[in-house]
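A.B. asks: This is the structure, below, for whatever I ask next.
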Amino acid sequence: MDENNGLLLLELNPPNPWDSDPRSPEDLAFGEVQVTYLTHACMDLKLGDKRMVFDPWLVGPAFARGWWLLHEPPSDWLERLCKADLIYISHMHSDHLSYPTLKKLSERREDIPIYVGDTERPVFWNLNQSGVRLTNINVVPFGIWQQVDNNLRFMILMDGVHPEMDTCIIVEYKGHKILNTVDCTRPNGGRLPEKVALMMSDFAGGASGFPMTFSGGKFTEEWKAQFIKTERKKLLNYKAQLVKDLQPRIYCPFAGYFVESHPSDKYIKETNTKNDPNQLNNLIRKNSDIVTWTPRPGATLDLGRMLKDPTDSKGIIEPPEGTKIYKDSWDFGPYLNALNAAVGDEIFLHSSWIKEYFTWAGFKNYNLVVRMIETDDDFTPLPGGYDYLVDFLDLSFPKERPSREHPYEEIRSRVDVIRYVVKNGLLWDDLYIGFQTRLQRDPDIYHHLFWNHFQIKLPLTPPNWKLFLVHCG
Numbered sequence: 001m002d003e004n005n006g007l008l009l010l011e012l013n014p015p016n017p018w019d020s021d022p023r024s025p026e027d028l029a030f031g032e033v034q035v036t037y038l039t040h041a042c043m044d045l046k047l048g049d050k051r052m053v054f055d056p057w058l059v060g061p062a063f064a065r066g067w068w069l070l071h072e073p074p075s076d077w078l079e080r081l082c083k084a085d086l087i088y089i090s091h092m093h094s095d096h097l098s099y100p101t102l103k104k105l106s107e108r109r110e111d112i113p114i115y116v117g118d119t120e121r122p123v124f125w126n127l128n129q130s131g132v133r134l135t136n137i138n139v140v141p142f143g144i145w146q147q148v149d150n151n152l153r154f155m156i157l158m159d160g161v162h163p164e165m166d167t168c169i170i171v172e173y174k175g176h177k178i179l180n181t182v183d184c185t186r187p188n189g190g191r192l193p194e195k196v197a198l199m200m201s202d203f204a205g206g207a208s209g210f211p212m213t214f215s216g217g218k219f220t221e222e223w224k225a226q227f228i229k230t231e232r233k234k235l236l237n238y239k240a241q242l243v244k245d246l247q248p249r250i251y252c253p254f255a256g257y258f259v260e261s262h263p264s265d266k267y268i269k270e271t272n273t274k275n276d277p278n279q280l281n282n283l284i285r286k287n288s289d290i291v292t293w294t295p296r297p298g299a300t301l302d303l304g305r306m307l308k309d310p311t312d313s314k315g316i317i318e319p320p321e322g323t324k325i326y327k328d329s330w331d332f333g334p335y336l337n338a339l340n341a342a343v344g345d346e347i348f349l350h351s352s353w354i355k356e357y358f359t360w361a362g363f364k365n366y367n368l369v370v371r372m373i374e375t376d377d378d379f380t381p382l383p384g385g386y387d388y389l390v391d392f393l394d395l396s397f398p399k400e401r402p403s404r405e406h407p408y409e410e411i412r413s414r415v416d417v418i419r420y421v422v423k424n425g426l427l428w429d430d431l432y433i434g435f436q437t438r439l440q441r442d443p444d445i446y447h448h449l450f451w452n453h454f455q456i457k458l459p460l461t462p463p464n465w466k467l468f469l470v471h472c473g
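Numbering (the UniProt record's numbering), first residue to last: 1 to 473.
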């Protein structure tokens, strides 16, 4: 209120955090700053005499068994990780926080410094359950420069759409900024530094079970194909416009190089088309002089050379002739065996696990009835598998749907994945983003509170199954 009891509107315009303690760009020697693409969202940055790695996913699947690496990582990837002075992990999704990768790294360097943002749900919320030993995880506040040495600093920023889990980063070396927006939908609420030396972001789309895993009603194959085509084009145009608005000297699309390579996911692989990075780069170069880089595993960009002369033939060194670029085989066995081991767990001999699990999950007082059906790999109901209803209005487990008016969802889940998720208290991203479910809903509406809870807000510690089994005995 103002002095006349009128309403005073004040528009807040806080300073950009990266403008605090500004530094003028210094000349870079050739070879002083080198950026090497390893795979997916993983970059190896040489910054003077320091090395920094982004989001190392270099082995195994992500999202249970749904995502596998498209690109063959360089053969020296583990040595590169071990030489890093620091690692940045943007968020908790398993294509960025890869426990199979970190397990191999921790066996050589458990004390490697890892930096994450101070998100509402901790990035490493599941570290104790993972079996991976890491002793130097640093949680840093948003929007504050973290000084590495006299020339190198970085700042982690939150996402404007998913601030509870997603982050992005600005790395600055001798006044030259590298902006990595990773998977952020609206990084830092849309306020980002302009004219950085190098920008990288996701581009591909397809990181969701919608609409491929849905059926019934409007979800015909024709509707899905048109929806996917439209959404990919919208994403492509959005990314192109964002890059043109920010005017980086160089832009690199990454963090979208995954494939649904398990044979059981052939339908998803064929349906879930993704954007072509070259198409995005062509859009960006149209009416702009921004230099673009479509990375191949092992390729290295020399920032000093590229800033001085983008046409320098030594500015980007491609991997040697004959280097394997795309994976053509994946070691499915160990990872599927780990999932399958949960199927015969003693917990599931007792049908009361259902009440125990959903009570632990803590979602209720919401008018939604869900039917959960355990299936085989082809989403056919499993003989002897569980098939049950959950009424989230009062968290009851009725034999039949209630007579009151209620929204209804049917979720079919592969038995190995749902039981692994239940046993270990994991988030349902493994089910939904990993394409391990098939869904129908009536009416056709998205229940944000339900999905947000099971994808982000589940308890930080798993159910106490030992105590459960004692009570069952």
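The beta carbon of each residue, even a glycine, is placed where N, CA and C say it ideally should be.
Anyone know if the C-beta pair for isoleucine 89 and valine 123 falls short of 8 Å?
C.D. replies: yes
A.B. asks: Per DSSP, what kind of secondary structure is histidine 447 in: helix, strand or coil?
C.D. replies: coil
A.B. asks: Determine the extent of the alpha helix (DSSP H) in which serine 106 is found, giving its start and end residues.
C.D. replies: 99 to 106
A.B. asks: Check the DSSP bridge columns for arginine 404 and list the partner residues they point to.
C.D. replies: Paired residues: none, contrary to the question.
A.B. asks: Going by DSSP in three states, methionine 306 sits in which element: helix, strand or coil?
C.D. replies: helix
A.B. asks: Sorted by chain position, which residues of the same chain lie with C-beta nearer than 6 Å to threonine 181's C-beta, five sequence neighbours on each side aside?
C.D. replies: Cys168, Pro187 and Ser201
A.B. asks: Is it the case that the Cβ atoms of glycine 143 and leucine 152 are separated by a distance below 8 Å?
C.D. replies: No.
A.B. asks: Could you check which residue in Ser313, Asp27, Glu26 and Gly205 has the C-alpha nearest to that of leucine 235?
C.D. replies: Gly205
A.B. asks: Going by DSSP, what residues sit across from arginine 438 in a beta bridge?
C.D. replies: Arg412
A.B. asks: In terms of residue numbering, what span does the alpha helix (DSSP H) encompassing leucine 468 cover?
C.D. replies: Correcting the residue type first, residue 468 is phenylalanine in the shown sequence and not leucine. Where phenylalanine 468 is concerned, the enclosing alpha helix (DSSP H) stretches over 465 to 472.
A.B. asks: I'd like to check one pair, valine 132 with serine 106: are the Cβ atoms closer than 8 Å?
C.D. replies: yes
A.B. asks: Taking the CB atoms as reference points, tell me whether proline 113 and asparagine 136 lie closer together than 8 Å.
C.D. replies: yes
A.B. asks: Between aspartate 377 and the rest of its own chain, which residues show a CB-CB distance below 7 Å, the 5 nearest in sequence each way excluded?
C.D. replies: Ser264 and Arg414
A.B. asks: Compare the C-alpha of leucine 198 against each of Glu231, Ile418, His176 and Gln440 and name the closest.
C.D. replies: Of the listed residues, the one whose Cα sits closest to leucine 198 is His176.
A.B. asks: Using a 10 Å radius around the Cβ and a threshold of 16 neighbouring Cβ atoms, would you call phenylalanine 435 buried or exposed?
C.D. replies: buried
A.B. asks: Give the straight-line distance between the Cα atoms of lysine 266 and lysine 286, rounded to the nearest whole angstrom.
C.D. replies: Their backbone Cα atoms lie some 35 Å apart in a straight line.
A.B. asks: What residues in its chain sit with their C-beta under 7 Å from that of leucine 458, if we drop five residues either side in the sequence?
C.D. replies: Ala361, Gly425 and Leu427
A.B. asks: Classify phenylalanine 397 as buried or exposed, calling it buried when 16 or more other Cβ atoms lie within 10 Å of its own Cβ.
C.D. replies: exposed
A.B. asks: Got a sec? Which residues, its chain only, sit under 8 Å from aspartate 309 by beta carbon, not counting five neighbours each side?
C.D. replies: Gly315
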